[in-house]
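Have a look at the structure below, then the notes.
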Amino acid sequence: MNVRATEICLFRNMEGDKVRNVKFLRDTPAFPTDEKTLLQVLSVETDGEFFPLEEPKLRMEVIGDSITSGEGCSGAEKEMTWNSFCFNAVDHYAYMAAKELGAVYHCISQSGWGVFCSWEGNEQQAIPLYYEQVCGLLNGERNKELGALEKWDFQKFQPDVVVVNLGTNDGSGTRDMEKVEKAVIDFLRKIRACNPESIRDICLTKRQRRYWQKKSGRFLAAARMFLLNEQKIMVNYL
25 MNVRATEICL
35 FRNMEGDKVR
45 NVKFLRDTPA
55 FPTDEKTLLQ
65 VLSVETDGEF
75 FPLEEPKLRM
85 EVIGDSITSG
95 EGCSGAEKEM
105 TWNSFCFNAV
115 DHYAYMAAKE
125 LGAVYHCISQ
135 SGWGVFCSWE
145 GNEQQAIPLY
155 YEQVCGLLNG
165 ERNKELGALE
175 KWDFQKFQPD
185 VVVVNLGTND
195 GSGTRDMEKV
205 EKAVIDFLRK
215 IRACNPESIR
225 DICLTKRQRR
235 YWQKKSGRFL
245 AAARMFLLNE
255 QKIMVNYL
């Protein structure tokens with residue numbers, strides 16, 4: 025696609041007898057190493073009318089890693105090369121759950137990252153460090169000028185439910201389970217402070233559960249410890 029501003033027709037030739045919903049999605053998440061790629065909506069034009077959206081049945085916030093980013097949901101089944109083409113913003117659990125529940129959702133995810141460190145052990149690649157920012161993991165002056173790194177106003181979107189699916193990458197990135205335990209508790213406290221009325225739902229796959237029980241048990245123990253003083257957290261197994 026050209027780097028200049030381009031007009032894209034989202035739909036046409038529709039009869040004006042009813043209201044239609046139009047979704048505009050970007051498949052890939054933000055990449056810290058890519059300062060050039062940018063999808064920016066400058067304006068929207070129509071010969072019809074815009075109407076307010078219906079009030080959603082539920083507001084969700086989903087936090088995670090490659091699973092939540094939809095990595096592997098596109099491309100050949102056995103293709104293992106890490107590339108942006110394999111990401112998909114629709115064919116993954118967060119989008120599907122929101123659709124089934126009639127919910128609107130915000131997604132905060134980054135492939136390879138964890139609650140304390142990345143799969144390579146990089147402690148700067150942890151979701152909690154950037155949770156309170158607007159796409160704070162981006163680099164470059166242009167991104168900064170467009171609003172990246174600014175503090176996010178949580179009053180703009182107060183979720184009813186916050187779903188957290190993190191921990192897989194921490195397990196391969198570090199052996200210091202005490203730091204992981206502290207990171208889990210600190211992040212749950214941060215989420216509660218930013219979203220005081222929401223229910224926190226810690227989601228683990230069966231594989232993650234077996235892995236953490238074998239690894240140390242500290243990840244699950246940290247969540248359970250926080251449960252003792254918090255009435256709005258659940259631990260579920262997918």
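In this note's numbering, the protein residues as written are 25 to 262. Just so it is clear, CB atoms sit at the ideal spot from N, CA and C, and this is done for glycine as well. A quick note: this is a predicted structure, and the numbers were derived from the prediction, not measured.
Report yes if the C-beta of residue 113 is less than 6 Å from at least one heavy atom of the ligand SAH; otherwise report no. Although the ligand SAH was asked about, the structure shown includes no ligands whatsoever.
DSSP on residue 85, reduced to helix/strand/coil? In the structure shown, residue 85 sits in a strand (DSSP, three-state: E or B).
Between which two residues does the beta strand (DSSP E) holding residue 189 run? Unbroken beta strand (DSSP E) run through residue 189: 185–189.
Give me the Cα-Cα distance between residue 92 and residue 40, rounded to the nearest whole angstrom. C-alpha separation (whole angstroms): 37 Å.
Quick check on residue 179: buried or exposed, where buried means 16 or more other Cβ atoms within 10 Å of its Cβ? Result: exposed.
If you draw a straight line from the alpha carbon of residue 133 to that of residue 125, how long is it in whole angstroms? Between residue 133 and residue 125, the alpha-carbon positions lie close to 21 Å from each other.
Residues near residue 113 in its chain [Cβ-Cβ closer than 7 Å; skip 5 each side]: Closer than 7 Å at the Cβ level, and outside the excluded window around residue 113, lie 49, 50, 51, 94, 119.
Using the three-state DSSP reduction, which class does residue 262 fall into: helix, strand or coil? Only weak support is given to the placement of residue 262: the predicted model assigns it a pLDDT of 47, under 50, and the value that follows is read from those uncertain coordinates. Here residue 262 sits in coil by DSSP.
Take the Cβ of residue 89 as the centre, count every other Cβ of all protein chains shown within 10 Å, and call the residue buried at 16 or more, exposed below. Its Cβ being crowded by 16 or more others within 10 Å, residue 89 is buried.
Out of 36, 199, 159, point me to the one whose CA is closest to residue 70's CA. That would be 36, whose Cα lies nearest to the Cα of residue 70.
Could you compute how far the alpha carbon of residue 46 sits from the alpha carbon of residue 32? Each residue's Cα considered, the two are about 13 Å apart.
If the criterion is Cβ atoms closer than 7 Å, does the pair residue 77 and residue 184 meet it? No, these two residues do not count as a Cβ contact at 7 Å.
For residue 131 and residue 202, the rounded distance between their alpha carbons: Just so you know, the alpha carbons of residue 202 and residue 131 end up roughly 28 Å apart.
Per DSSP, what kind of secondary structure is residue 132 in: helix, strand or coil? Strand.
Taking only the alpha-carbon atoms, compute the straight-line gap between residue 60 and residue 155 and give it to the nearest angstrom. As the crow flies, the alpha-carbon of residue 60 is around 23 Å from that of residue 155.
Same chain, Cβ closer than 8 Å to residue 34, neighbours up to 5 away in sequence not counted: Answer for residue 34: 46, 48, listed in chain order.
DSSP-derived helix/strand/coil call for residue 214: It is helical.
Using the Cβ count rule (16 or more neighbours within 10 Å means buried), how would you classify residue 149? Buried is the label assigned to residue 149, since at least 16 other Cβ atoms lie within 10 Å of its Cβ.
Closest by C-alpha distance to residue 68, when choosing among 97, 42, 168, 29: When each option's Cα is compared against that of residue 68, the closest is 29.
Using the three-state DSSP reduction, which class does residue 175 fall into: helix, strand or coil? Secondary structure at residue 175: strand, using DSSP grouped into helix, strand and coil.
Please classify residue 28: does DSSP put it in a helix, a strand, or coil? Three-state result, residue 28: coil.
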